[in-house]
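Numbering (mature numbering (1 follows the signal peptide of the UniProt record, and there is no 0)), first residue to last: -25 to -1, 1 to 622.
In this text, a Cβ means the ideal position worked out from N, Cα and C, and glycines have one as well.
All remarks here apply to the structure that follows.
Written out as C-alpha cells, the structure is:
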C-alpha cells in the first residue's frame, strides 16, 4: 500500500404475492473474478464513484506491456470492457476524483526524470478520453472533488538541472482540465515531495505535503523532514502552508494523513521518532496545535464517518519485527476511544477504511495470504478476519461500497502469469429484486411471460425461476407453459456473489382450454368423467457424447416419444469437471417446451445453448432431463447424461 514503514512496511405466499427474503446476513466474501493478466509485477487501484460505479485500475510491471488500464462495473452489472488510460512507460497509479453525477478526473505521474503528469476525463456514463495536459505537475499527484463543486489538485513539481523542487495546487469549477496555479509551498531540493488533498463537508480544502527542508545543493549531512499544510476556506481566504511537525536525521517523521472535518477543523496525523500524534487547526485558526498523542510510532487517518468521528489506525512495534495494530476513534466531540486491537495474527494491517455508518474494514496481509477484519458500528471488537487470497498476493487496494460492502482488488505475482483479481466483502445485504411479474391466470399448454430484474452492489451470481411444476429457467426473463390445470407457485430466486439470497413468489392459476372444461365453458357430455392416474410412457434417444464445437454450432438433438398426447419439457444443465476461481455451481444451458405432441410419434427436440452461457471451449458433463405431462397432470421423467469433448 505504500504507507507502512520499517518492519511492517509496505418464502411465504400472500394471495398472488409473496414476502421477499431480504434479511441481512453476516458479512462474507464475494466470488473472486479475474479481470486481466499481465506480465511482471502488477499494480492495482480500487475506486468507487458516488453513483456506485466500481473502478479497478491496473498496469503491468515488466515485459513490453506496461499500459495503464481500467475496467468499470456499473451498479448491479458486470465489469465493462478494458479502457486504456496510457501506454507511457513507468506510469504511476492514478488519483481519481468524482463529481456527484459520476464524472471522473484521473491524474497520474510518470516515474521518469523530467516527465510531466498525465490526466484523462471520463464523462458520466461515458469512457475515458484522450490524455489532457496537467501543466508542470510531476511524479506525485492527488486530487479531490469538493461539496461546492470544485476540483482540487495538488502535485509535486520537479524542475530540471540545479533548480529546486516544489509543490503546487490548483482549483477549478467542475470536472475538466486543470493545471496548478498556486506555488505557495517553499522551494526545496526534494524529488519525492508527496502531496495530499482533503476536502471537508463545509467546502474547506486542505493541501498537505511531507517534504525535506533542504534549500542547498549539495544537501547538509543531516536533512530535516517537515510536514506542512495549507488551507483554502469556503469564503475564498487561504492560509499559507503551516508547519505541523519536523524532524532532523537521525530522527524521522512520517505523514499519516490530513482530514477536514465538517466544521472546517483540519486534523493532521504524524508519526516518527516522537511517536504518533494528532495536530489540530481550528476553524479560522492560524496555527496547528498538538491535540493528542497516540500509542505507537505510526498512525493513519483512515477517514471520517457520517457522525463526524475520525477513525485512525495505530501501529505499535512491541518487539523487533512484531507490530500490534489497533484502531482509535476520535468522536465528533473531540474525545478519543481506547485502542481496539485488530486480530492480525502473524500479519499486519495495510489499510483501514471507515464507512459512513461507522463500519470499519481492516485489510490484513501476512506471509500466508490476505484477509479483511470488520468491526460493525459501536462494536467492542473486530469480527474474525475473512480470508480473501493466498500467499501469492503482490499488491492490494480496497474501496468502500456503501456502508456494509468493500471492494478489494489485488494482483498476484507470477511473472508472465500475473493476474488482476477482484473480490471483497459483502455486508450480508441480499440482492434487490424489482419488476417481478407473472401471469395471474394461464390456459394449460399456453406459454406465459415471467420477468424479474436483480441487482447487487457486489455483483450477481444467478437469477432463476422455479415454476412450481418441476420446471425451472435460468435468467430473469422466462416463458413457461403449464401442462395441467391447477394452482402453482412460481418463485424467482436471486443469488449475489456472496451467496445472499432474495426471493419473491407469485401464484399462477392454470385452467383448461375452452371446450375442455376450462374458462371458455363447454364442459358438455354429462355423466362421470374417468380419473386418469397413469403417467405417460416416455422413450428418449440421446447421444452419449458430443463435441463442444458441435454443441455450440448446432446444439443438442433429442428424439422423444410418448404413448399418449403430452407436453414435453427438456432441460440441459452443465456441470463443470473441475472447480474454477469463481464457481457458481450447475448452469442451465437450454430449456425447451413442446406442447401436445402426438401419441406414439417420435419428435425431435433441438436445444441450442446461448454462446455466452457456454463460455470458452472446455470439457463438460451435461445432464439432460425430459419431463412429459399428460392432460390430467400425470408426469413421467427421464434423465440422460453425456460428455462434451473439448474439440
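Would residue i and residue j be called neighbours here (beta carbons separated by less than 8 Å)?
{"i": "residue 82", "j": "residue 109", "result": "yes"}
{"i": "residue 84", "j": "residue 92", "result": "yes"}
{"i": "residue 368", "j": "residue 387", "result": "yes"}
{"i": "residue 458", "j": "residue 419", "result": "yes"}
{"i": "residue 119", "j": "residue 72", "result": "yes"}
{"i": "residue 61", "j": "residue 106", "result": "yes"}
{"i": "residue 201", "j": "residue 221", "result": "yes"}
{"i": "residue 97", "j": "residue 66", "result": "no"}
{"i": "residue 464", "j": "residue 480", "result": "yes"}
{"i": "residue 27", "j": "residue 424", "result": "no"}
{"i": "residue 34", "j": "residue 115", "result": "no"}
{"i": "residue 376", "j": "residue 31", "result": "no"}
{"i": "residue 622", "j": "residue 517", "result": "no"}
In chain order, what residues of the same chain have a beta carbon less than 6 Å from the beta carbon of residue i, not counting five sequence neighbours either side?
{"i": "residue 559", "result": "For residue 559, the pLDDT reaches just 38, beneath the cut-off of 50, and the residue's location in the model is therefore unreliable, although a value from the coordinates is still provided. Cβ neighbours of residue 559 beyond the five flanking positions: 436."}
{"i": "residue 132", "result": "111, 113, 141, 143"}
{"i": "residue 247", "result": "222, 227, 228, 229"}
{"i": "residue 493", "result": "Unreliable positioning characterises residue 493 in this predicted model, as indicated by a pLDDT of 47, which lies under 50. The coordinate reading is nonetheless provided below. Closer than 6 Å at the Cβ level, and outside the excluded window around residue 493, lie 486, 487."}
{"i": "residue 321", "result": "341"}
{"i": "residue 357", "result": "317, 318, 348, 350"}
{"i": "residue 394", "result": "9, 12, 387"}
{"i": "residue 469", "result": "406, 408, 429, 438, 477"}
{"i": "residue 157", "result": "144"}
{"i": "residue 514", "result": "536"}
{"i": "residue 384", "result": "19, 21, 31, 372, 397"}
Could you check what DSSP says for residue i in three-state terms: helix, strand or coil?
{"i": "residue 583", "result": "coil"}
{"i": "residue 263", "result": "coil"}
{"i": "residue 487", "result": "coil"}
{"i": "residue 524", "result": "helix"}
{"i": "residue 403", "result": "coil"}
{"i": "residue 534", "result": "strand"}
{"i": "residue 589", "result": "helix"}
{"i": "residue 512", "result": "coil"}
{"i": "residue 529", "result": "helix"}
{"i": "residue 505", "result": "In this prediction, residue 505 has a pLDDT of 47, which is less than 50 and means its spatial position is unreliable; what the coordinates show is noted afterwards. Of the three classes helix, strand and coil, the one that applies to residue 505 here is coil, per DSSP."}
{"i": "residue 308", "result": "coil"}
{"i": "residue 392", "result": "helix"}
{"i": "residue 446", "result": "coil"}
{"i": "residue 258", "result": "coil"}
{"i": "residue 319", "result": "coil"}
{"i": "residue 212", "result": "coil"}
{"i": "residue 205", "result": "strand"}
{"i": "residue 475", "result": "coil"}
Whole angstroms is fine: what's the gap from residue i's alpha carbon to residue j's?
{"i": "residue 545", "j": "residue 56", "result": "35 Å"}
{"i": "residue 123", "j": "residue 596", "result": "58 Å"}
{"i": "residue 610", "j": "residue 446", "result": "12 Å"}
{"i": "residue 526", "j": "residue 574", "result": "29 Å"}
{"i": "residue 237", "j": "residue 282", "result": "9 Å"}
{"i": "residue 160", "j": "residue 206", "result": "12 Å"}
{"i": "residue 150", "j": "residue 25", "result": "14 Å"}
{"i": "residue 250", "j": "residue 289", "result": "10 Å"}
{"i": "residue 155", "j": "residue 180", "result": "15 Å"}
{"i": "residue 211", "j": "residue 146", "result": "11 Å"}
{"i": "residue 438", "j": "residue 404", "result": "16 Å"}
{"i": "residue 299", "j": "residue 292", "result": "6 Å"}
{"i": "residue 370", "j": "residue 21", "result": "11 Å"}
{"i": "residue 355", "j": "residue 302", "result": "11 Å"}
{"i": "residue 422", "j": "residue 540", "result": "18 Å"}
{"i": "residue 601", "j": "residue 401", "result": "38 Å"}
{"i": "residue 580", "j": "residue 568", "result": "9 Å"}
{"i": "residue 594", "j": "residue 43", "result": "35 Å"}
{"i": "residue 410", "j": "residue 452", "result": "10 Å"}
{"i": "residue 510", "j": "residue 344", "result": "56 Å"}
{"i": "residue 474", "j": "residue 361", "result": "15 Å"}
The ligand MG heavy atoms versus the CB of residue i: any closer than 7 Å?
{"i": "residue 338", "result": "The model on display carries no ligand, and the ligand MG is accordingly not part of it."}
Below 8 Å on the Cβ atoms is my contact criterion, and I expect residue i with residue j to pass it. Report the Cβ-Cβ distance as a whole number of Å.
{"i": "residue 564", "j": "residue 543", "result": "Residue 564 to residue 543, Cβ: 18 Å. No contact."}
{"i": "residue 18", "j": "residue 382", "result": "That pair is no contact at about 16 Å."}
{"i": "residue 243", "j": "residue 183", "result": "6 Å"}
{"i": "residue 174", "j": "residue 127", "result": "6 Å"}
{"i": "residue 599", "j": "residue 617", "result": "7 Å"}
Please tell me whether residue i has its Cβ less than 8 Å away from any Cβ of chain C.
{"i": "residue 119", "result": "Among the chains of the structure shown, chain C does not appear; only one protein chain is present."}
Taking 8 Å as the limit between beta carbons, can you name the residues of its chain near residue i, skipping five residues before and five after?
{"i": "residue 278", "result": "234, 285, 286, 328, 329"}
{"i": "residue 267", "result": "252, 253, 305, 311"}
{"i": "residue 460", "result": "419, 485, 486, 487, 493, 608"}
Spatial neighbours of residue i within its chain, please: CB distance less than 7 Å, with the 5 preceding and 5 following residues excluded, ordered by chain position.
{"i": "residue 264", "result": "254, 255"}
{"i": "residue 556", "result": "Because residue 556 carries a pLDDT of 31, less than 50, the predicted location of this residue cannot be relied on, and no value is offered for it."}
{"i": "residue 215", "result": "159, 205"}
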